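Structure record follows, encoded as structure tokens.
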Amino acid sequence: MSGAPDNTEQKTVTNIYAMLTVSLLMSFVPMVSAAVLATIMFLGVMLYAYHVRSKAEPTSLATNHMSFIIRSIWIASFFALFTMSAACVYILSVYDPSAVQACADRMMSMSSEAAMMDAMKPCMDEFMSANMAYFINGIVIGAGPIVIYFVYRLAKGLSRALKGHRIGDVKNWF
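When we follow the numbering used here, the leftmost residue of the sequence shown carries the number 20, and every step to the right adds one.
See the structure below:
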């Protein structure tokens, strides 16, 4: 395939960017089911990108953009190792465990798991409210840079794909 990409190939590429964008947006919905669906969709997009790249010609628009998407995912995952580590260090250095300590001491004398869970509920509410600001800061530290990086890469790739253009250097991290 030489010259301009055919419309089908361009639609495939833009649809994959759209699916990746939807999975990223769904990860912000505060429901466990949405987060699970977003994760499944994200992994499905990655696998589909590998599949599309393996079937496309080496110099095609699809190969170029699928390589860009795949690299974006792997680079973001690599960055996440550092940002999540920083978030854990931050949270562990600032949180206040005293809200659950009294419950833990009481629970040591209980023999029933149901009684333990009942005793823990009010303490967990207190623990979460006492430490909520630290947890939110931890989320911003851990996920913020990754989301910004991903939005940048998605915008860059999608804007090029919509015009039928290739990514200049797919090996560039930024």
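Each residue gets a CB set at the ideal place from its N, CA and C atoms; glycine is no exception. Here the structure is a predicted model, which means the values were calculated and not measured.
- Per DSSP, Glu-76 lies in no alpha helix (DSSP H) and is assigned neither H nor E.
- By the Cβ rule, the region 107-123 counts as touching the region 131-149, because three or more pairs are nearer than 8 Å.
- Taking a cut-off of 8 Å on C-beta distances, the region 127-135 does not touch the region 173-185, as fewer than three cross pairs fall below it.
- Our two residues, Asp-124 and Ile-110, have alpha carbons roughly 23 Å apart in a direct line.
- DSSP, read as helix, strand or coil, puts Tyr-114 in coil.
- With respect to Ala-37, Met-45 sits apart: the two C-beta atoms are not nearer than 8 Å.
- Between Met-139 and Cys-122 a beta carbon distance of about 6 Å is seen, short of the 8 Å cut, so the two are scored as contacting.
- In the structure shown, Asp-188 adopts coil according to DSSP, grouped into three states.
- By the Cβ-count criterion, Met-151 is exposed, with fewer than 16 other Cβ atoms from all chains shown falling within 10 Å of its own Cβ.
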